[in-house]
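What follows is a short report on a single structure.
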Amino acid sequence: MTTDRIALVTGANQGIGRRVAADLAADHRTVFVGSRDAARGERAAAEIGGSAVAVQLDVTDPASVAAAADRIADEAGRLDLLVNNAGISTTRRVGLAEFRRTSTPGTAPLDDVRAVWEVNVLGVLSVYQAVLPLLRRSGDARVVNVTSALGSLSLGLDPSSPTREAYDVVYAASKTALHGVTLAMLLESATTGVKVNLVSPGFARTALTGFHGTESAEDAAREVVRVSRLGPGGASGTFTTWEGVDLPW
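962 is the number of the first residue of the sequence shown in our numbering; add one for each residue after it.
This is the structure:
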């Protein structure tokens, strides 16, 4: 696949984001590799090679977000694809069992909730607002928000769903809030023309899960990449995992 499309992937110096950036760069796209740590971003972009370009981007820092958008505007003039991948599950150094025990509505530290939502919800909205003018310059713009099946209220309410017992107010609820933000983006797309999709990559062995996951970053990235590669005729408003399997919002 050869294309001159311009992409930005946030949180792309490691894990799923890095795999997504590498696969998109292999399509000969120009891929801005967003990384909070500039040096780690430069290393990741150099190792990805090709058309990968590092850009310092801390989604919780308005100045950093604005500077990244300005750089993309200066160097590329537009943006065709935004992959909002940056995310965290907790700021605490605890194991998965301890995290679940202490992330109920009655136990979750509010500082942890605020920090996670700042990245997973407000960070997504901040980057979207900053690059929306660039997306509107594209003839085929798309936003892919990376979420989790844990964020599905429908699954959380289903007694037979394996995600029900894992629903928490720190990480899972932040993804539910992201779904609300994504819906608002989708409704706005009637005036912006920007397609919007949600993707759950699965339970990957990455830093976000403390490397407790069941899938590799390569496998987990597969659906994010598939949706990111959709062309002008590709669907908007989907929530999928694993090769186009639909999930309930």
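Glycine included, C-beta positions come from ideal geometry on N, C-alpha and C.
Just reading off the alpha helix (DSSP H) that residue i is part of, what are its end residues?
| i | result |
| --- | --- |
| VAL994 | Segment 991 to 996 is the beta strand (DSSP E) holding VAL994; no alpha helix (DSSP H) there. |
| VAL1014 | Looking at the DSSP string, VAL1014 is not in any alpha helix (DSSP H); the run it does join, the beta strand (DSSP E), is 1013 to 1017. |
| VAL1026 | 1023 to 1036 |
| SER1115 | 1114 to 1118 |
| ILE1009 | 999 to 1009 |
| GLY978 | 976 to 987 |
| TYR1089 | 1084 to 1096 |
| LEU1071 | 1071 to 1078 |
| ALA1058 | 1057 to 1062 |
Apart from the five residues on each side of it in sequence, which residues of its chain come closer than 6 Å, Cβ to Cβ, to residue i?
| i | result |
| --- | --- |
| HIS1140 | GLY1112 and TRP1210 |
| THR1170 | In this predicted model, THR1170 has a pLDDT of only 49, less than 50, meaning its place in the structure is not dependable; the value taken from the coordinates is given anyway. If we look at THR1170 and ignore the five residues flanking it on each side, it has no Cβ neighbours. |
| ALA983 | ILE1009 |
| SER1099 | ARG1039 and ASP1041 |
Report buried or exposed for residue i, applying the criterion of at least 16 other Cβ atoms within 10 angstroms of its Cβ.
| i | result |
| --- | --- |
| VAL1206 | exposed |
| SER1115 | exposed |
| GLY976 | buried |
| GLU1204 | exposed |
| THR1065 | exposed |
| THR1202 | buried |
| ARG1054 | exposed |
| LEU1071 | exposed |
| ARG1062 | exposed |
Which residues does DSSP list as the beta-bridge partners of residue i?
| i | result |
| --- | --- |
| LYS1156 | ARG1103 |
| PHE1200 | LEU1159 |
| VAL969 | The residue asked about is misnamed: residue 969 is Leu in this sequence, not Val. LEU969 is bridged to PHE993 and LEU1043. |
| VAL1186 | DSSP lists no partner for VAL1186. |
| ASP1180 | DSSP lists no partner for ASP1180. |
| ASP1207 | THR1201 |
State yes or no: is the C-beta of residue i within less than 8 Å of the C-beta of residue j?
| i | j | result |
| --- | --- | --- |
| THR1124 | ALA1047 | no |
| VAL1107 | VAL1160 | yes |
| LEU1148 | VAL1092 | no |
| TYR1132 | THR1052 | no |
| ALA1029 | LEU1018 | yes |
| SER1012 | VAL992 | yes |
| VAL1130 | ALA1069 | yes |
| VAL1188 | VAL1104 | no |
| SER1122 | ASN1081 | no |
| VAL1186 | VAL1142 | no |
| LEU1043 | VAL1074 | no |
| ARG1190 | THR1153 | no |
Report all residues from its chain with a CB closer than 7 Å to the CB of residue i; omit the five preceding and five following residues, and keep chain order.
| i | result |
| --- | --- |
| ALA1181 | ILE977, PRO1162, GLY1163 and ALA1165 |
| PRO1193 | ASP1101 |
| ARG979 | ALA973 and ALA1005 |
| THR1137 | GLY1112 and LEU1114 |
| ALA1110 | LEU1116, THR1124, SER1161, THR1202 and LEU1208 |
Give every residue of the same chain whose Cβ lies closer than 8 Å to the Cβ of residue i, excluding the five residues on either side of it in the sequence, and list them in chain order.
| i | result |
| --- | --- |
| ILE1033 | ILE967, LEU969, PHE993, VAL1016, LEU1040, VAL1092 and LEU1095 |
Shorter than 8 Å from the beta carbon of residue i to some beta carbon of chain B?
| i | result |
| --- | --- |
| ALA973 | No chain B appears in this structure, which consists of one protein chain only. |
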